[in-house]
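**Student:** In this note's numbering, the protein residues as written are 29 to 277.
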Amino acid sequence: MRILLFSSVFFFNACLVLAAGNLSNESFSAAKKMLASQVYHDHSVTLYCGAVYDSGGEITLPEGFSVAAYAARAARLEWEHVLPAENMGRFFQEWRQGHPACVKGAKQYRGRRCVEKVNSHYRLMQADMYNLYPSIGAVNALRSNFIYAMLPEAVSSFGQCAMKVARNRAEPPERARGQIARTYFYMAEAYSSSYRMSHRQRKLMRAWNSRYPVDAWECARAGRIERLQGNENRFVKQACLEAGLWAGD
């Protein structure tokens with residue numbers, strides 16, 4: 029009986045460790061700085077369009093890139109939540125309804141500003157580096173909080189960069205799909221009490237995960253984040269181990 033009880037407790041604790049998300053840093057600003065200086069320092073390339081940027085966050089737009097909206101943000105580097113902050117935040121009561129502590133003057137507020145202020149769990153999710161990727165500002169802005177989907181009839185929203193945004197949906201270029209899928213699986217597992225992936229979205233992510241395998245950079249990125257943040261993305265790490273690409277950096 030004692031052995032069974034011990035085994036059950038051990039298994040439960042092991043599952044908690046396995047599924048743990050970010051437990052070390054609540055600062056979104058600090059997460060972005062760590063990514064820039066300790067993860068992407070030798071791979072300054074944006075997720076969707078493969079644009080190169082310098083240490084000051086200035087982007088060299090790829091040949092053939094064009095933008096019809098948010099032109100002022102086209103040459104600016106931004107760190108995008110692949111699983112959007114709003115899609116995470118709407119699961120929190122403070123985002124939807126506010127909180128007694130979220131008052132300025134006589135006016136109560138809610139949304140991201142409120143949940144950031146009062147909920148440490150949300151701050152940990154928001155600062156999780158596995159979910160943050162460099163993006164051209166205009167691409168990040170147009171993608172907004174739209175879910176990912178296949179848009180076969182849509183044309184690229186950014187010229188030669190094959191990122192499509194239409195009908196409140198976003199179809200990323202093939203270069204980004206595998207990374208996105210493994211990020212979504214990680215976030216759904218690590219924050220299962222606060223985020224639920226839809227059946228349709230999970231089906232799409234399964235397809236992308238299968239079709240677009242890890243490469244050396246994705247494995248190096250995951251190893252660096254694991255070292256800095258203290259937890260693993262097992263969906264990336266296991267695939268990297270199987271492919272012989274895991275170095276732990």
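The beta carbon of each residue, even a glycine, is placed where N, CA and C say it ideally should be. As the structure is a computational prediction, the values presented were derived from the model and not from experiment.
1. Please tell me whether M157 and A235 are closer than 7 Å, where the distance is taken between their beta carbons.
2. In three-state DSSP terms, what is L33?
3. How big is the Cα-Cα spacing for S65 and C130?
4. Buried or exposed for L51, please, with buried defined as at least 16 other CB atoms from any protein chain shown within 10 angstroms of its CB.
5. Mind the definition here: the region 262–271 touches the region 85–105 only if three or more C-beta pairs lie below 8 Å; say whether that holds.
6. For H227, which of helix, strand or coil comes out of DSSP?
7. Would you mind giving the Cβ-Cβ distance between G117 and Y150, rounded to the nearest angstrom? I have them listed as a contact below 8 Å.
8. Rounded to the nearest angstrom, what separates A102 and R197 at their Cα positions?
9. Whole angstroms are fine: how far does the CA of A79 sit from the CA of F213?
10. Which whole-angstrom value is the C-beta distance of Y81 and P200, which I expect to be below 8 Å?
11. If you drop the 5 nearest sequence neighbours on each side, which residues of the same chain put their C-beta closer than 6 Å to that of A204?
12. Scan the region 146–207 and note each continuous beta strand (DSSP E) run of 3 residues or more that stays entirely inside, going in chain order.
13. Relative to the C-alpha of S221, which residue among G126, M153, H127 and E91 is closest?
14. Considering only the alpha carbon of each residue, which of L105, E144, V242 and I253 lies closest to S83?
15. Taking C-alpha atoms, which residue in N159, R195 and E202 lies nearest to L170?
16. Please specify which runs of the beta strand (DSSP E), each continuous and at least 3 residues long, are wholly inside the region 70–141, giving them in chain order.
17. Please name the residue in L179, N259, P162 and G251 whose C-alpha comes closest to that of S72.
18. If the criterion is Cβ atoms closer than 7 Å, does the pair A244 and L269 meet it?
19. Is DSSP giving N2 helix, strand or coil here?
20. Specify the secondary structure class of G280 as computed by DSSP and reduced to three states.
21. Under 7 Å between the Cβ atoms of M225 and A216?
22. For G49, which option in A96, G276, N259 and A275 has the closest C-alpha, if you only look at C-alpha atoms?
**Tutor:** On the basis of the coordinates in this document:
1. Stepping through the sequence shown from its first residue, residue 157 is reached at position 129. Stepping through the sequence shown from its first residue, residue 235 is reached at position 207. No. Outside cutoff.
2. Position 5 of the sequence shown, counting from 1, holds the residue named residue 33. Legend: pLDDT at L33 = 38, less than 50; position of this residue unreliable, value from coordinates given subsequently. Reduced to three states, the DSSP call for L33 is helix.
3. Mapped onto the sequence shown, residue 65 falls at position 37. Mapped onto the sequence shown, residue 130 falls at position 102. Near 33 Å, if we compare the C-alpha coordinates of C130 and S65.
4. Counting from 1 along the sequence shown, the entry for residue 51 is found at position 23. Its Cβ having fewer than 16 others within 10 Å, L51 is exposed.
5. Note that the region 262–271 does not touch the region 85–105; fewer than 3 beta-carbon pairs, one per stretch, sit closer than 8 Å.
6. The residue given as residue 227 occupies position 199 in the sequence shown. H227 falls in the helix class under three-state DSSP.
7. Within the sequence shown, residue 117 is the residue found at index 89, counting from 1. Within the sequence shown, residue 150 is the residue found at index 122, counting from 1. At roughly 6 Å, the Cβ-Cβ gap stays under 8 Å, so G117 and Y150 are in contact.
8. The count along the sequence shown starts at 1 and reaches residue 102 at position 74. The count along the sequence shown starts at 1 and reaches residue 197 at position 169. Cα to Cα, A102 sits roughly 20 Å from R197.
9. In the sequence shown, counting from the first residue as 1, residue 213 sits at position 185. In the sequence shown, counting from the first residue as 1, residue 79 sits at position 51. Looking at the two C-alpha atoms, the distance is approximately 26 Å.
10. The count along the sequence shown starts at 1 and reaches residue 81 at position 53. The count along the sequence shown starts at 1 and reaches residue 200 at position 172. That pair is no contact at about 18 Å.
11. As a first step, residue 204 is located in the sequence shown; it is residue number 176 there, counting from the start. These residues qualify, in order along the chain: L75 and Y76.
12. Counting only runs that start and end inside the region 146–207, the beta strand (DSSP E) elements of at least 3 residues fall at 160–164, 192–194 and 197–199.
13. In the sequence shown, the residue the question calls residue 221 occupies position 193. Among G126, M153, H127 and E91, the Cα nearest to that of S221 belongs to M153.
14. Translated into positions along the sequence shown, residue 83 becomes position 55. The residue with the shortest Cα to Cα distance from S83 is L105.
15. Looking up residue 170 in the sequence shown gives position 142. Answer by Cα proximity: R195.
16. As for any beta strand (DSSP E) of minimum length 3 sitting wholly inside the region 70–141, the runs are 105–109, ordered along the chain.
17. Residue 72 sits at position 44 when you count from the first residue of the sequence shown. From the listed residues L179, N259, P162 and G251, the smallest Cα separation to S72 is found for P162.
18. Here residue 244 corresponds to residue number 216 of the sequence shown, with the count starting at 1. Here residue 269 corresponds to residue number 241 of the sequence shown, with the count starting at 1. Result no, Cβ atoms of A244 and L269 do not sit closer than 7 Å.
19. Absent from the structure is residue 2, since the part of the chain shown begins at 29 and ends at 277.
20. Any property of residue 280 remains undetermined from this structure, which presents the chain solely from 29 to 277.
21. The residue labelled residue 225 in the question sits at position 197 within the sequence shown. The residue labelled residue 216 in the question sits at position 188 within the sequence shown. With contacts defined as CB atoms closer than 7 Å, M225 and A216 qualify as a contacting pair.
22. Position 21 of the sequence shown, counted from the start, is the residue given in the question as residue 49. The shortest Cα separation from G49 among A96, G276, N259 and A275 belongs to N259.
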